[in-house]
Structure formats: structure tokens, C-alpha cells
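Protein sequences, first through last, are from chains A and B. Just so we're aligned: 141 in the numbering used here is position 83 of the first sequence, and the numbers increase by one with no gaps anywhere. Just so we're aligned: 107 in the numbering used here is position 49 of the second sequence, and the numbers increase by one with no gaps anywhere. In this text, a Cβ means the ideal position worked out from N, Cα and C, and glycines have one as well. See below for the structure under consideration.
Protein chains: 2
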Amino acid sequence: MPLIEELVALLGPTSVRHHPLDRAVFSKDAGILKGEVIAAVLPETAQEVAAIVRIARRHDVPIVPRGAGTGLAGGAVPVDPGLLIVLTRLNRVHEVDEIGRTAWVGPGVINLDLSRQVEPLGLHFAPDPSSQQACTIGGNVATNAGGPHCLADGTTVAHVLAVEFVTAEGDIVTVGSEAPDQPGLDLRAVLVGSEGTLGIITKVLVRLTENAPDVATMLIGFPTIEGAAATVSGIIASGLIPAALEIMDQPMVEAVENFVHAGYPTDAGAVLLAEVTGTSESVAAGVEIIRSVAERHAPTDVRVATDDAERAILWKGRKSAFGAVAQVAPDYYLHDTVVPRTALVEVMSKIYEIGDRYDLTMLNVFHAGDGNLHPLVAFDSKEPGMLEKVQAAAREMVEVSIDAGGSLSGEHGIGHEKRDLMHLVFSDVDLDAQARVREAFDEAGMMNPSKVLPEGSRCFDASGVRL
Amino acid sequence: MPLIEELVALLGPTSVRHHPLDRAVFSKDAGILKGEVIAAVLPETAQEVAAIVRIARRHDVPIVPRGAGTGLAGGAVPVDPGLLIVLTRLNRVHEVDEIGRTAWVGPGVINLDLSRQVEPLGLHFAPDPSSQQACTIGGNVATNAGGPHCLADGTTVAHVLAVEFVTAEGDIVTVGSEAPDQPGLDLRAVLVGSEGTLGIITKVLVRLTENAPDVATMLIGFPTIEGAAATVSGIIASGLIPAALEIMDQPMVEAVENFVHAGYPTDAGAVLLAEVTGTSESVAAGVEIIRSVAERHAPTDVRVATDDAERAILWKGRKSAFGAVAQVAPDYYLHDTVVPRTALVEVMSKIYEIGDRYDLTMLNVFHAGDGNLHPLVAFDSKEPGMLEKVQAAAREMVEVSIDAGGSLSGEHGIGHEKRDLMHLVFSDVDLDAQARVREAFDEAGMMNPSKVLPEGSRCFDASGVRL
Chain A
59 MPLIEELVAL LGPTSVRHHP LDRAVFSKDA GILKGEVIAA VLPETAQEVA AIVRIARRHD
119 VPIVPRGAGT GLAGGAVPVD PGLLIVLTRL NRVHEVDEIG RTAWVGPGVI NLDLSRQVEP
179 LGLHFAPDPS SQQACTIGGN VATNAGGPHC LADGTTVAHV LAVEFVTAEG DIVTVGSEAP
239 DQPGLDLRAV LVGSEGTLGI ITKVLVRLTE NAPDVATMLI GFPTIEGAAA TVSGIIASGL
299 IPAALEIMDQ PMVEAVENFV HAGYPTDAGA VLLAEVTGTS ESVAAGVEII RSVAERHAPT
359 DVRVATDDAE RAILWKGRKS AFGAVAQVAP DYYLHDTVVP RTALVEVMSK IYEIGDRYDL
419 TMLNVFHAGD GNLHPLVAFD SKEPGMLEKV QAAAREMVEV SIDAGGSLSG EHGIGHEKRD
479 LMHLVFSDVD LDAQARVREA FDEAGMMNPS KVLPEGSRCF DASGVRL
Chain B
59 MPLIEELVAL LGPTSVRHHP LDRAVFSKDA GILKGEVIAA VLPETAQEVA AIVRIARRHD
119 VPIVPRGAGT GLAGGAVPVD PGLLIVLTRL NRVHEVDEIG RTAWVGPGVI NLDLSRQVEP
179 LGLHFAPDPS SQQACTIGGN VATNAGGPHC LADGTTVAHV LAVEFVTAEG DIVTVGSEAP
239 DQPGLDLRAV LVGSEGTLGI ITKVLVRLTE NAPDVATMLI GFPTIEGAAA TVSGIIASGL
299 IPAALEIMDQ PMVEAVENFV HAGYPTDAGA VLLAEVTGTS ESVAAGVEII RSVAERHAPT
359 DVRVATDDAE RAILWKGRKS AFGAVAQVAP DYYLHDTVVP RTALVEVMSK IYEIGDRYDL
419 TMLNVFHAGD GNLHPLVAFD SKEPGMLEKV QAAAREMVEV SIDAGGSLSG EHGIGHEKRD
479 LMHLVFSDVD LDAQARVREA FDEAGMMNPS KVLPEGSRCF DASGVRL
């Protein structure tokens, strides 16, 4: 039986999308890459996912999983024409353990929906990517997503206790457990961040985090971005780990302010958004530490929001940053590199220099506390030669980050976009170790091929001789 | 050239131990299993470790790594006659990053020595196994070790950012990084807890934890162990996560008190040791929560130690527990199962029943907050039939823990001792997934063979057909 017919027999006609319009809609994520979808299927259970994988494997068709499609690196784009498994209907919160502070959730549950659902229990899911109103827990797990509050709380891997997934052979396997130290190999952490290359996530046991009894959010304007960055270094050096430390530069502040009117100071060279959580005493102490470090760097404006309404306004600007860019240009390219915090000022100035040299419109917002930079280039892809220019600048920006002792990607994943840059941070034997593990899960190479690892990663045989 | 000659040519004669006495000394860890050591080698660098692995592979000899040998599950015992690589000379703290709060350390660094060395910076290494005066960081990483303070801080995997290791082919590979989210597969977490089956750890980037500004330690006596366990459940349900929650039963309190004279109440049915850390306000609040929960369960004695000397005395009892048992009998067998905290009382009573039925001397001390039980059977292995009786009881105790929704091992590792019990918690496809990953690192099966996974774990071929 042909592939489509077999899938329709399994799922019914409305859950198998293969008309040209559907195929076009599903051929992209939120980034710039376009792939080719043979069909997009929308299963509702892990058993259906397993059956789909077995059918696809019999037909020798590559398999690509997708959540909400908010990714930027092409992780959910079928670069090799393939079957797209869309997991948005696996969107149930199966079980919440209020005492143990955990929940079993489907991969299609939207990040913010989970936090809203457990809010009455005084709990939330800590990873908070900027796309949290739309992105799914499955996508968060697949990319090991971060967010402003990962400075203190850690990225998604710190909040995932177990993962149920469908293997390349169509088996349903669970890795990890509720126990503090699962016996055997910790395959849970390998699944987190594997971007669909090891299997399809069908259920996740997440850790829920207690809401802090008190919280304060500060907005501090500085004449220059150097002042904001130096304040971040000073705060970290003081021993305080705030819940969040975000910097936005002047062009970004201006775009955001025009968009949401949050009262950000558009005349400041940069704005630092800082948040401290804890008991009321520790929050008050944290606010004073941040204030005194900031005062050494000539702030133009220091505001402290202590009620929820004020806090929401300050955060609204940060969370709307990427939406605000649409006013500046129709397309944007968002970087995601990491640098040691001590190199923040030096790398930022090199990144501005690269943007100027390529004559690009650049706006910056970043998780400064983590050293996770997000330079954003706003452009119009219809301008001839523009995309090539953006990509050439992107490569240079990644290189200056790595040269400063940093890394290729903070939280967006490698996808297809960055896989050829993996050589910049990994040696041949490092990549070979990763490729072997991937092969252990997917011998035939049918799970999200052409993603994460560069071609030729599996380049040594067992005796160390290059194949 | 014969194996020993080649090793001597590489390391010199004093670093290659193969006399019968040496071979006997190195044939055991702290548990009851005995192996067969062909030779024990003591390298000083990662390059030497890599060269040793290449030599051993050429001679087709199994390779077993060893730290201080404090393990209980036979992880460092060569069950198949093999070459033991002793890593105690890789004991340098290479680099401490005071601002970033990390350190690159050799696997041979002793756990407590690291915390002592960074004490002047106000930092410590959080995992604190009871053997911390002797055990090494390498062993902590290999077993994903826990300890009393892992209740709030998490086990070793939460404190390891990167691992340098020597592969089965003798390459030196680093997994993980200082960046919050390393690109590619998270092989760091797989190395943690892999017990030498994937490679030999030669350097570890650990996270250092800030010492809390304030701390209080409480000792609370109860008429029964049920009262102590119910207090633990009540504390956790209140939302407070103390730094530690340890329970000792009456026989253990008596053994400890005879040994170290810490002033423990030997007439109490059980003793709860609780510790809270934080600001002085949050510590005071935590002490009050614990006191009020305890008071609902008729405590016979409530003490709060607030200065370092008093605290040290209270902890001395707990930390000396296993040493104290030597007065009771020449040998002991220490269990390490995990149960849901809600099942603590029920499982404990079943464990006492099993001990009584087999007529065994049992003492209990455990990480109650985590549900990590450590029933300890004190016995004389010279008594005929005794070891068999101890092992039969052990199996029953593991089974009642798993039946209650618990797990096989909390923090001691699987080693050789528990590998045949892995079937109790993992399905065939689960074990197959682990075995495949192991094969990806060690195709020939020469790295610590006969450990962790039961024989026959790799039982499916790629199409899902049982081999």
C-alpha cells in the first residue's frame, strides 16, 4: 500500500495532510530555511506515533518531528524530503504530583499553559523561552531551551526527570525516573537537546518549581552598553545570582518602546533588566547589591517594580522584543552564541563592528548573566544579495564568540543551520563520539537526518583509523 | 612484548604493580566481591592513561578503572581478570575559577580535600557521600554519587559541567563545557554514572557551590521510626526543602553513640537529623516549620545546634555510622534502594520484617528526604551459610522497594552486584537502548565488562527482532 494510504488507514484522512498548501505551511519553522514535506501527520497518542514510525521506516522515508514550529535553526524542517510528525495534539497534562512537584505532560503542551495550569498550586515550569506563549514542552526538551530565568534555574535539562520516546524501530521506551539517581546510563540527558535525531518524544516528566515568596524587577538605564555589561559582571562577582539579567541595546529599546509603550528609556545607550527572587529580606538585599554595583557605572535611570502590574510592564518590553522587530524590517536573523561573561564587552564591540562593516541593521537583546548573546539582524530577504550578506556576517559573529572562549549556540539548537559550524567547537574525535551514540539509536539514519552533526562526523572505525 | 613489560617500559617499574600481594590488595573494593587483577597501574597523566588503554587493547585485556576503592557494588573490581587503572595520582586541582565558581580537577582528588581547598573562597563541592574523607571526585562522577546534602543540591550530575575521558580506542575526548547549553548531544550526563563502562575519566569540570550565609542543624528524637518518617513527609509537604533530612533507627543510634559519644538519645525509637541553610531569617523560619511539624508526632527530644562546634558533633554521629558498625560485627552489607517518600513507613516495616524472618542484625540510617534507604545488615562472613542468607534477604528488600514504586539503587551504583536486578526496573527495550549506547563507546566490550548491564541486554537487532 502506498505511504499516504497506509497513514490514512491508521489515522483517518483529516490527520494526514498532504495537499500542496499544507505541505508548504509545514515546510518551514520560524527561521529562514525551507524544506520539503511529503506529508504532515497529526497523531494523538504515543501508540500512533510508534505505528507511524514503523510505516515510514517500511517506506524508507525520513522522519522529522515538529512541535509549534517556533524554532529558528531549521530543526523541524525536512531538509531531506520527509514525513513530518506534528505533536501538537499530544497536549494533555496527564498527571500533576503536587507534593513531589512533578508533572507528566504531553510534548504538545504549550510552555506557558503548563505554568498557568499549576499556578494555583504555587508552582511553575522554570524554562521560559521568549516564545513561551506558543512553543511546546516537546520542543523545549528537543532543543534544551533556555530563557531569561535559566540564569538561576538552569536550562530545560535541569527540569526534565524522564522522557518517554518512540525509537527509530517504533518501540516506546522511557528513560529517567522519579528517583533521584536512576540506575544505569543517564539516557534522559542525551534525549534532551537531541532535536529529534534519537527518537520522537511522546511524554515528559517535568520538575515544577515553587513560585518565590517575593520578587522585584529592576530596570536600569546606562549611557553605554559597556556600563550595562560591566554591571552584570559586577553583580555576578558579588556572589548574587539574580533570577534574570537581560540587556537590550538602544536600537532594541527604541523598537520595543515604539511597539509596546512600556516606558523604557529610549535615550539610554542600553537597558539592564534584572530580577531577584526569594524571601522579602533576601529580595531587598539583592536589590541593594544591584543598585550599588550599577551606581559605579553612571546609570541614567534606576526603577524598581515591586507589584505584579509594574513587573508585568517591565517584562512586556523584553518578551515582545522579537515581535517589535517586524516594524523595522520584514525579516530577521537571530544569533545565539555564548561567550564567557568576562568577554561580554569585547565581543559585543566586535559584533557591532561586523554589523557596521556589512552595513546591516542590528538590534541586541541578550541573556547577559549567562553570556548568551542574541544579536538580531533585521533585513529584507527580497533585496538581492542580502541573505548571503546576513549569513556571511553571522559566521563572523559566531567566530568572534568562539575565539573569545565561547560557544556556537546557547539555547536555540543546532538544527540544520549550524551543523557545519560544529567543527569550530568540536574535534573530529568529539564529533565521532556523538555520531556513534546517534548511530546507536538510529542505525539507518532516518531520524531527522541532515541535522545537528555535520556530514562525515562518523569518520573513525573502532581502531581509530579514519574511514 | 608481553603486557607487563610494555607497561613497565611506559610507566617505570614502581607504577606497575603485579606482585601477588598487590594483586590481592587491589582485587576488592569496600564491598564483598573479589576479582582478579592481572596488574594495577598508577598513571599520572591523561596521556599515560591513553597509552595504557592502547596497550591493554592490543593485548586484549579488559580494563577496569579505580579511584579510592570505597565503592560497595563491585564497580572497581575486575570480575573478568583485567588491568586495573588506579587514578589516585591524577590528584591535582588544575584551575579554580572563583568568579564563575567552577574548577577543573583530576579524578584522583579526594572529595573533602576539594571542599577544604576552596573553603577560603566561601565555596564547596556539594555532593557529600559518607565516604567523603576518602572517596575521589572520579569515583563520585563514575557512580553519580549522592550524600545527605543532595536533597536540596542534587546528585553529582548536577555539579559536573564537563568531563575529559579516554575512550576505548585510547583517544582523549572532552564532553560538556562551561557554556550553559553545550551544542550537540549531552554526552556529559551519560559519562556521569557510567561506572567506567564508556571510558576512563581523566579530568572533571565541577561546579562549586556558595557556602550558605547561615545554617542550623536539628536533632529530633521520636518514640518510633513511623513518627520520624511522618515528620519528613510533613516537612516536604509544607513546601520547605531542607538541606538534609536523615533518619537513624534505634540500633544505629546506639551503635553510633557507643562509638563517637555525640550525645544522641539512645532511648529514642528513631532520630531525625535535619539541616536548613539560607539567610538567618529563612533559617529561623525553616527551624520553626520543622519544629512545628515534629511536634505533631510526639518528639521525645528537640535540639537545635547553631554554632559550628555543636553542628559538627551532631553530624559526627551520622558521618561515623558505617564505621560504628564494626563494633557490632566484622562485616556489613549496605543496601541502597529508593522508595517514594509516601511509602517510607510501609517499606521500612516490610524491611524490618524481612530482617527478622532471616534472623539478621539490622541497623538503619537513610536519606529520608529523598526516600533513599540504606538498611545495613551486620554479620560475620565466616559463619557458614550467612552470606547466602544476607544476599537472599537483600534481594527481598530490593523487591519490596520496587514493588512500592521505588528503584534499585539511589547513589551507590550498580557495579557487578546489582546488574542482574536491572530487569526488575527496566524492560528489554530499555536495556537494549542502554546497551546500544555502551556499544557505541566500546564496541569490543573491554571497558569494565560484566558491570552495570545484565548479560544479554543487547538483545534486539535494528528491526526489533530478538537476536
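Which residue comes first and which comes last in the alpha helix (DSSP H) that contains residue i?
i	result
residue 376(A)	366 to 377
residue 283(A)	283 to 295
residue 170(B)	169 to 176
residue 201(A)	195 to 201
residue 448(B)	444 to 461
residue 477(B)	It is not in any alpha helix (DSSP H) - residue 477(B) carries neither H nor E in the DSSP assignment.
Taking its Cβ as the centre, do 16 or more other Cβ atoms sit within 10 Å of residue i, making it buried, or is it exposed?
i	result
residue 136(B)	buried
residue 194(B)	buried
residue 229(B)	buried
residue 365(A)	exposed
residue 526(B)	Absent from the model: residue 526(B). The displayed extent of chain B is 59 to 525, so no value can be given.
residue 127(B)	buried
residue 157(A)	exposed
residue 377(B)	buried
residue 440(A)	exposed
residue 351(A)	buried
residue 328(A)	buried
residue 289(A)	buried
residue 77(B)	exposed
residue 63(A)	exposed
residue 490(B)	buried
By the DSSP assignment, the beta strand (DSSP E) with residue i in it spans what residues?
i	result
residue 359(B)	359 to 363
residue 489(B)	Careful: residue 489(B) lies outside any beta strand (DSSP E), inside the alpha helix (DSSP H) at 486 to 499.
residue 261(B)	258 to 265
residue 84(A)	Unbroken run through residue 84(A): none, as it is neither H nor E.
residue 433(A)	433 to 437
residue 102(B)	Element bounds for residue 102(B): n/a, residue is neither H nor E.
residue 123(B)	121 to 124
Below 8 Å on C-beta distance, what does residue i contact in chain B?
i	result
residue 494(A)	498 and 499
residue 464(A)	237
residue 511(A)	242
Measuring only between beta-carbons, confirm whether residue i sits less than 8 Å from chain D.
i	result
residue 281(A)	In the structure shown, chain D cannot be found, because the protein chains are A and B.
Please compile the residues from chain B whose C-beta is within a distance smaller than 9 Å of the C-beta of residue i.
i	result
residue 268(A)	297 and 299
residue 122(A)	Within 9 Å Cβ-Cβ: nothing; residue 122(A) doesn't reach chain B, min ~18 Å.
residue 460(A)	Chain B residues near residue 460(A): none, gap ~10 Å exceeds 9 Å.
Going along chain A in order, which residues have a C-beta closer than 7 Å to the C-beta of residue i?
i	result
residue 339(B)	337 and 339
residue 480(B)	241 and 242
Chain B partners of residue i, CB-CB under 7 Å?
i	result
residue 252(A)	243
residue 483(A)	241
residue 294(A)	157
Can you list, in chain order, the residues of its chain with a C-beta nearer than 7 Å to that of residue i? Leave out the 5 residues immediately preceding and following it.
i	result
residue 265(B)	159, 160, 217 and 219
What does a CB cutoff of less than 6 Å around residue i pick up in its chain, not counting 5 residues either side in sequence?
i	result
residue 493(A)	511, 515 and 516
residue 275(B)	333, 363, 369 and 372
residue 521(A)	Here residue 521(A) scores only 40 on pLDDT, less than 50, and its place in the model should not be relied on; the value that follows carries that caveat. Hits under 6 Å: none found.
residue 138(B)	120, 507 and 508
residue 382(A)	313, 314 and 317
residue 292(A)	351
Applying a beta-carbon distance threshold of less than 9 Å, which residues of chain A neighbour residue i?
i	result
residue 487(B)	225, 227, 229, 230 and 231
residue 248(B)	243, 244, 245, 247, 248 and 495
Handout entry: Touch test, the region 326 to 346 of chain A against the region 290 to 305 of chain A, Cβ-Cβ under 8 Å, three pairs minimum
Key = yes
Practice task
Could you tell me whether the region 400 to 415 of chain B touches the region 219 to 232 of chain B, using the rule of 3 or more Cβ pairs below 8 Å?
Solution key: no
Practice task
Kindly confirm or deny that the region 424 to 437 of chain A and the region 198 to 216 of chain B touch, where touching means at least three C-beta pairs closer than 8 Å.
Solution key: no
Practice task
Say whether the region 463 to 477 of chain B touches the region 441 to 448 of chain B, bearing in mind that this needs 3 or more beta-carbon pairs closer than 8 Å, one atom from each stretch.
Solution key: no
Problem - Contact the region 144 to 154 of chain A vs the region 246 to 262 of chain A: 3+ CB pairs below 8 Å - result: yes
Exercise for the section: Decide if the region 179 to 186 of chain B is in contact with the region 208 to 217 of chain B; the criterion is three or more beta carbon pairs, one per stretch, under 8 Å apart. Expected result: yes
Exercise for the section: Indicate whether the contact test is met: 3 or more Cβ pairs, each with one atom in the region 396 to 404 of chain A and one in the region 453 to 463 of chain A, closer than 8 Å. Expected result: yes
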